[in-house]
Each structure stands twice: as structure tokens, then as C-alpha cells.
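Colleague:
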């Protein structure tokens, strides 16, 4: 019965068989086979079939069963709205009530205001209150990704009573593998793992075996910082507290994996100047629309470069050979600028670069730029000399490459640091932007040098 | 006692106090304060102090206590060798024996052959056998990252006896939150969570309550595929089996987070043409050495561009104004190529793009390239007309931009797909490489068009 590794597009379930059961209205057989699947596989099937078949699924599955699917489903933003619209509003509201609050909030966040409000009107007031609380936290904070379903134990309980609480809460809690210990004021005072609990003597007081060194995060903390801590400490869950040290929720490792994935993909996309929505499923027109803003902005920047180069038309007219090396120089400076940029952005994202070490990074990049500039400059002089037997042009191109690599490397690290200082996401200083900027400076350096030494070249 | 969020560089422990205790040889006080810390914080302190102070730590801590530190420590590759060299070999061997096998293997993999062998000679034969088995799996496979410390239960046990096994194994197993159920031949037949176990009736047979739909991976599976499955299914651990369905190990979520981080950082680095070793702590000379190979290769490619452009020197001599638009055209085609490249690489990495959908992606990118090319082309014609009042040059530049965006977009998606097909990591087709390649084609298109229509332009 062990199933082999899932190949791409290989499904773990018999799609046609399930569809047939639905169409022939074999409710019992469908429920038996479908509910035996892992919710992720259920979600794959549910997402893939058309709206007509989904209508039958809404009849055959309870809102509670559908809630399990929506806890793991990974839809495009606009599909949440569409799928919720397909459901009877009372069914949708019941499903959302059965979901873990953090997952329900993720779904509700994708709906428009009217749809969200009309669904929430049909939920019970306690759930609505919890949801509203989570909806109130700013996006990308610990508060926005935490869940409110967790197990708390009072510090003066015994292991036996703690186990009883645990057995009772297990079906509803998102994780029972960490138990959070609170005092009478709901302040977090300790933590213990289920592992420690099951090997402890039943009459021991929780207070005597819990760990008092709890690592907790605040509701307003950035989700990226939370991910870093959970990664460093190998936590399966981390408690979230407010300024009064009161426990507000927990963040589980599955949500953190999504955060890590998102943030990495985000930095990657920005380095290339693309949008996350631009994937294989996006139509070509939609993909073009997401890419064009960058391309058009860069076209205007490029026109500024062209305009600046126009100032040197007289020089270019005198020695047309000069134009031949322009792509080489601007390309090399663009590449070294992108390298410096990527190192700086990665360093900022991982928290390696902070206030104290910013200056150190800049100093390092100045020297790195100097070394790489000199090495590339010398290489170019040698290539042009041995290949073209040109020494003056070679020296000019080499000097221009050396200077523009130095400038590009410094700019590539300085600009993201400056943006970070100003509170702008440094990843916005994407690759294409830095590259175009470095085009301008490198060409100015090159043609400026050429114009100064025009008599030697001719 | 709840500690606040860790700011960058803010430490959770009093470094000077611990150092003082070590220097004043207050062994009991040091052990009391140090061992109360989370192993990650212990590791931070251990890594930060100098080799002299570490010598005292080796005296004050048992190999078992040191093992906990080395399970979470995140050192540079060469530091493992250095730190193990500092230890007495018997102490080092004892420490490695106390570590989870997968973590011990990670450390041993960083040592040179002699050091590894001399350490392994001092370990007991059972541990050595387990380690050798894991060392035998190819890097980046499930086998290489799995651990052999997990809990198995026979399918005909009762819940009561399973709980007893669990209590017994809890101190040694890497996770006890999933229990893997095997038959007499050690073949994996089911799985259950500790959550299900603690709410079950004590006399129930495991076979009756376990889930038979186990998602397992093979020892030879790629670690990226494993990460994808664990992310999709929200697993805390996944079993690893061989071709006979026999359980060989498990992979826990903390190791998977490291894989996700590594792979994302790897793709990012390759897009920018940098190395992972190139961070803020690398000296400028080391950083320059990691960046130079790319820059030099690209210099040679750039020289080819320059050489090809040389063929058009006569055209450039006649109309020097043509040179002014070269950076604009090559820059725009480079940018659109990088966008297409990033979409393709991300799609391949996430498994969204597979054999069947490759053709679909290419078709999509052809149309996307056409749309963006036309839009940018028209924009450029308009800019040059309204700004420079040039219509012929404008049409020429617009046509060149349109063609080169189309070509660059197709190349940006075709090349990584081709590399993937050939079994080469498509991320190697990094941004700088594609950009330089697109430089060549875009300039050929531009100057080719210009030479053809030279009479109209002049």
C-alpha cells in the first residue's frame, strides 16, 4: 500500500474513477474513496474538476470535510473568490468556521469586502471575533500568520491533568507537540514538548519540568524574522505574545515553510524584474502586462543613456571603432553591479548585514571592485593587444572597464543599503534597474576618457 | 522569563559573564548557566569565542553535551575541520557517536579523508556501519539527508505497547510525532501520528487505526522533490524506503527547511552569477576570486560581440548616430531575456514545468515576446519621433528592439528547458550568460537592419 514517489503530474488517485462515481451519483462509494485520500490530494482533485462537478462535491461533502481541503489548498488569488462564490453562502461560512483560524483568515483576505462581510455575518460571534483579531494585524507580521488553536496548560497542573487536557484538545489544536504553559493572567511562563510530557511521571507538576527559557516573538514582528528564528532553533512551533507577555497565538512550521518559499521567490523575482503571477499558467497577454512596466521604465532610462551618448557623437564620428566596445564595457559593468547587488540583498534578507556591518560591506565591496576591475582591465588590454594588435584603444577600453567595474560594484552594494536605510525593500533595486544605471555611468566613463584622449587614439 | 525577539546581533545570553566564568574556572556556575541555554545559543557562544576558551569548554562539557551543540551549529565548510582538529580525537569521536546519524554525517562530509577515517576508527562498529551507509548515498538525495533514528512499531502491537516503545525510544529518536508501522520484513505498511495514538483506546491494535496511505520517498530521490512533497502535504517527517519497500530512514522538517533555503539561495546566486561563499565575511580578495571566473568568461563573450560589431564598422562610420542606440537595444533585450529565464527556472525548480508543459511554455513565451516586443518597439518609435523628430532612425531602432525582444524572450525560456532536457542544472544558464548572449543577437539584428537600409537612413 505504500505509494511511490510522486512524479510530476503523476497523481496519487484515480481521477477518472472519482469523476465517474460523482457523475453516477454513487455518494457512498465516492465518500469512501475520496475521504481516504490525503487532504492535499483531495484538494488537487477538487481544484482540477470543473465547476459543475464541484457542485456535486459540495453536496456530497460536509462543510467540515471541505474545511480540511481548504486548509491545504494552494490557489491563485482570484480563485478563492471564484470557489467561494460557487458555494452556497451558508455552506461557505460553515466551512470557514471549521478551518483553523489562520487558514480561514488567509482565504478571507483574498475575497472582496462585500463577499467577506456577508460570509462573516453567517458565522458565530466567537469565531468572527477571533477572525477579526487576526485580520487586524498588518500583513507579513507574526500576528497575521499565527493561529489561535493551540493547547495551553496552567503551570500548577500535574502531568496527568495536562495529558487529559491534551487528549481533549487534540482534535482541534493545530499542533499538540508543544504545550505552552501560562499563569493565571494568561502570561506565557514556560514551554514543554509532548515528548517531555509522555516520559514524565504522572504526578509531577508541570511547573517543575517545563522549560522557562521560552523563545517567543511579538505579534508585530516581521514574518521573515520569525522564519529565521524557527530555522535557527529547529522549532516546530513558536509562541506569539503581546507587550504584556500574554500569549496571543502560535506559528507552526508549515506556515513558516510557506513564508521562506514566498520570500525567496520574491527576492528572486525582483532580481529578474518579474512578477510572481507570471508563471506557466498565465496567458501570454497577462505575462506581457506584468513584464512591460519594467521594460518601459528601463526604455526611458535607456533613452537617457542614448541622449548622453549623443553628446559624444563627434568623438564617435572620428573613431567609429570606439562604438564596437560599448556593449563589452556596459555588459561587464552591468554584470559586476548585479553580483554586488545580489550579495548585498541576500545579506540584508538573511540579517547578516546590519547597522554595524554596513560600513564593513561597503569597504569590502570597494576593494572587491578594485581587484575585479584591475583583473578585468588587464585581461582586456591583453586580449585587444594580442588579438587586434591595438595598444592605445586597448589601454582606453581597459581603463574604462576597470573604472566602470569599480563604480558598478560600489553602486551595486551602496544602493540597496541606502534603500534599506530609507525603509524601502532593497530587493526593489532589481537587477535590470542597477544594470541600466551602470550602463549610463560606464558609457560616460568610456566616452569621456575617449574624448579626453582623442588625439592619442586617432 | 520569556525573552524578547532577537534583534540582529542581539544575543540571548550574557557573553561576557560566561567568558568570565570560564576564565575563572567556575566549572559548576558555567555549566549551570550554559546548559540552561538553547543549543542554538550555546552554539553561537561556542563559535564566537577563541580557540583557547574553546579548549576549556571541551574540558567542562561532556561529548554528549557537545553533540547537542553540533547538531544545530551552522559553520563555514572549513570551520568543521578546524573545530574537530581542536578537540582530542577520542572526544571528537565520542561527540559524533552521540549525534543523530544524519547530523554526524553532515559534519564528517566536511572533513578530509584522513581526519574522517581516524575519527571513525574510534567509534563503535554499529555507529560506523550506520554512518557508512549514509555516506554511501549520493549528495542531494533523500538517502543523504535522512536520519536513522526513528520509532517503528509492528503492525500487530496494541496502542499500550506502542506507547511503551515510544516512551523508551523518545530520548534517542529524532522525532516521535510520527510513528512508522512495519511488518515482520521491516516493510513500511502504515503511519500514524502521536496525536492519533494518544487519543486512541489503549487496547486497540495499531493495524486498525494506522493510516495505510503512506506517502514515502525512495533513498535515491532528489532532495528538492522531497522538499516539495513535504511542503505540499505539510508533513513534519517523511519515511524513506528502498526498492523493496523496506524502511531505511526518515527525513524531518528541520532538514527540509535547510534544503529549501539552500536551493532558493542557489538559484538566486546563479541568476546573479555569484557564489554562496561570497558574503559579508568573505575578504575582498576571496570575493573577487569567486566573481572573476564569470566576469572573465563574459569578457571573452563580449569580445566576440565586439568582433562581430567590427564587421559593421563601415556602417557605423557612415552614421555615428547609430552607435548611440546600441546600449538601449542590447539592454532591453537583456532585460526581457532575464525575465523569461527567471520564469522558466522558477517553473522548473517548483516542478510546475514538466515534459508535457514545456511546449506550452515555449508557445506562451513566443507570444509574450511578440507582445512585449511590439509594445516596446512602438514606444521607442514614438519617443524618438517626439523627442528627436527622427522617423527613419526611430523605425529602425523600434524594429530592432521588437525583433531582439522576441528572440531574447524565446532564448531565455528555450535555453533552460534545453539544459534541463540534457540533464544540466538549468540555473547554470545564469542571468549574465543569457544577457551577454542576447547582446550579440540584438546587435547583429540592429546593425544588420541598419546596413540593409543604410541608404534610407543617410
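Chains as they are written, first to last, in the UniProt record's numbering: chain Z, 1 to 458; chain D, 1 to 458. All C-beta atoms, glycine included, are put in the ideal place defined by N, C-alpha and C. Please read all numbers here as calculations on a predicted model, not as lab measurements.
#1: Examine chain Z for any beta-carbon lying closer than 8 Å to the beta-carbon of residue 453 (chain D), and answer yes or no.
#2: Consider the Cβ of residue 398 (chain Z): report whether some Cβ of chain D lies at a distance smaller than 8 Å.
#3: Can you pull the DSSP bridge partners for residue 211 (chain D)?
#4: Helix, strand or coil for residue 219 (chain D), going by three-state DSSP, please let me know.
#5: Given that a residue counts as buried once 16 or more other Cβ atoms are within 10 Å of its Cβ, and exposed if not, what is residue 10 (chain D)?
#6: Output needed for residue 308 (chain Z): all residues of its chain with C-beta closer than 8 Å, excluding positions within five of it in sequence on either side, in chain order.
#7: Does the separation of the CB atoms of residue 101 (chain D) and residue 56 (chain D) fall below 8 Å?
#8: Compute the distance between the beta-carbons of residue 109 (chain Z) and residue 295 (chain D), then report whether it is under 8 Å.
#9: Under three-state DSSP, which class holds residue 325 (chain D)?
#10: To be precise: take each residue of the region 298-320 of chain Z, compare its Cβ to all Cβ atoms of chain D, and keep it if any distance is under 7 Å. Which residues remain?
#11: For the region 156-168 of chain Z, enumerate the residues whose C-beta is nearer than 8 Å to any C-beta of chain D, in chain order.
#12: Is the distance from the Cβ of residue 131 (chain D) to the Cβ of residue 120 (chain D) below 8 Å?
#13: If we ignore side chains and look at the alpha-carbon of each, how far apart do residue 450 (chain D) and residue 45 (chain Z) end up?
#14: Give a yes or no on whether the minimum CB-CB distance between residue 264 (chain D) and chain Z is below 8 Å.
#15: Buried or exposed: where does residue 434 (chain Z) fall if 16 or more other Cβ atoms within 10 Å of its Cβ makes it buried?
#16: With 8 Å as the threshold, decide whether the Cβ of residue 186 (chain Z) is near any Cβ in chain D.
#17: Can you tell me the Cα-Cα spacing of residue 178 (chain D) and residue 36 (chain D), whole angstroms?
#18: Is the shortest distance between the beta-carbon of residue 404 (chain D) and the beta-carbons of chain Z less than 8 Å?
#19: In terms of residues, what are the limits of the beta strand (DSSP E) holding residue 19 (chain D)?
#20: Grab the span of the alpha helix (DSSP H) containing residue 39 (chain D) for me, first residue to last.
#21: Counting along the chain, where does the beta strand (DSSP E) carrying residue 252 (chain D) start and finish?
#22: How many angstroms separate the CA atom of residue 17 (chain Z) from the CA atom of residue 217 (chain D)?
#23: Report the rounded CA-to-CA distance for residue 30 (chain D) versus residue 191 (chain D), giving the unit in angstroms.
#24: If you draw a straight line from the alpha carbon of residue 462 (chain D) to that of residue 209 (chain D), how long is it in whole angstroms?
#25: Decide if residue 6 (chain Z) is buried, meaning its Cβ has at least 16 other Cβ atoms within 10 Å, or exposed.
#26: As an exercise, report each continuous alpha helix (DSSP H) stretch of at least 4 residues that is fully enclosed by the region 357-444 of chain D, in chain order.
#27: Which residues bound the alpha helix (DSSP H) around residue 306 (chain D)?
#28: Give the secondary structure of residue 200 (chain D) by DSSP, where H, G and I count as helix, E and B as strand, and everything else as coil.
#29: For residue 104 (chain D), tell me which candidate among D:68, D:138 and D:205 has the shortest Cα-Cα distance.
#30: Any beta-carbon of chain Z closer than 8 Å to the one on residue 234 (chain D)?
#31: What's the gap between the Cα of residue 381 (chain D) and the Cα of residue 264 (chain D)?
#32: Quick check on the DSSP output: the alpha helix (DSSP H) that includes residue 94 (chain D) runs from which residue to which?
#33: Run through DSSP, which three-state label would residue 152 (chain D) get?
#34: Identify every residue that forms a DSSP beta bridge with residue 238 (chain Z).
#35: Where do the ends of the beta strand (DSSP E) carrying residue 182 (chain Z) lie?
Modeller: Concretely, from the data shown:
#1: Residue 453 (chain D) does not count as touching chain Z.
#2: No - not a single Cβ of chain D is within 8 Å of the one on residue 398 (chain Z).
#3: Bridge partners of residue 211 (chain D) according to DSSP: D:191.
#4: Three-state DSSP puts residue 219 (chain D) in coil, outside helix and strand.
#5: Because the pLDDT of residue 10 (chain D) is 42, which lies under 50, any placement of that residue in the model is unreliable, and the number read from its coordinates should be weighed accordingly. The residue is exposed, with fewer than 16 neighbouring Cβ atoms inside 10 Å.
#6: So the list reads 440, 443 and 444, once near-sequence residues are dropped.
#7: No.
#8: No, these two residues do not count as a Cβ contact at 8 Å.
#9: Residue state, collapsed to three classes: coil.
#10: Of all residues in the region 298-320 of chain Z, only 298, 299, 302, 303, 305, 306, 309, 310, 313, 316, 317 and 320 come within less than 7 Å of chain D when Cβ atoms are compared, listed by chain position.
#11: The residues in question are 163, 166 and 167.
#12: A contact, by the Cβ cut-off of 8 Å.
#13: Those two C-alpha atoms are separated by around 55 Å.
#14: Chain Z contact via Cβ: present.
#15: A residue is called buried when at least 16 other Cβ atoms come within 10 angstroms of its Cβ; residue 434 (chain Z) meets this threshold and is buried.
#16: For residue 186 (chain Z), the answer is no, since every Cβ of chain D falls outside 8 Å of its Cβ.
#17: So the two alpha carbons sit approximately 28 Å from each other.
#18: Chain Z contact via Cβ: absent.
#19: From DSSP, residue 19 (chain D) is part of no beta strand (DSSP E) but of the alpha helix (DSSP H) over 15-23.
#20: Residues 39-48.
#21: Taken as a continuous stretch (DSSP letters only), the beta strand (DSSP E) holding residue 252 (chain D) covers 247-252.
#22: About 25 Å.
#23: If I take the Cα positions, the gap works out to 43 Å.
#24: This structure cannot settle anything about residue 462 (chain D), because the visible part of chain D is limited to 1 through 458.
#25: Per-residue confidence for residue 6 (chain Z) stands at a pLDDT of 40, beneath the threshold of 50, marking its modelled position as unreliable; no derived number is given.
#26: The qualifying runs are 392-421.
#27: From DSSP, the alpha helix (DSSP H) with residue 306 (chain D) extends over 284-310.
#28: Coil at residue 200 (chain D), not helix or strand.
#29: Selected option, being the one with the closest Cα: D:68.
#30: Contact with chain Z is found for residue 234 (chain D), since one of that chain's Cβ atoms lies less than 8 Å from the residue's Cβ.
#31: Distance between the alpha carbons of residue 381 (chain D) and residue 264 (chain D): 40 Å.
#32: First-last of the alpha helix (DSSP H) with residue 94 (chain D): 89-98.
#33: In this structure, residue 152 (chain D) counts as strand in the three-state DSSP scheme.
#34: BP columns for residue 238 (chain Z) point to Z:251.
#35: Per DSSP, the continuous beta strand (DSSP E) segment holding residue 182 (chain Z) begins and ends at 178-182.
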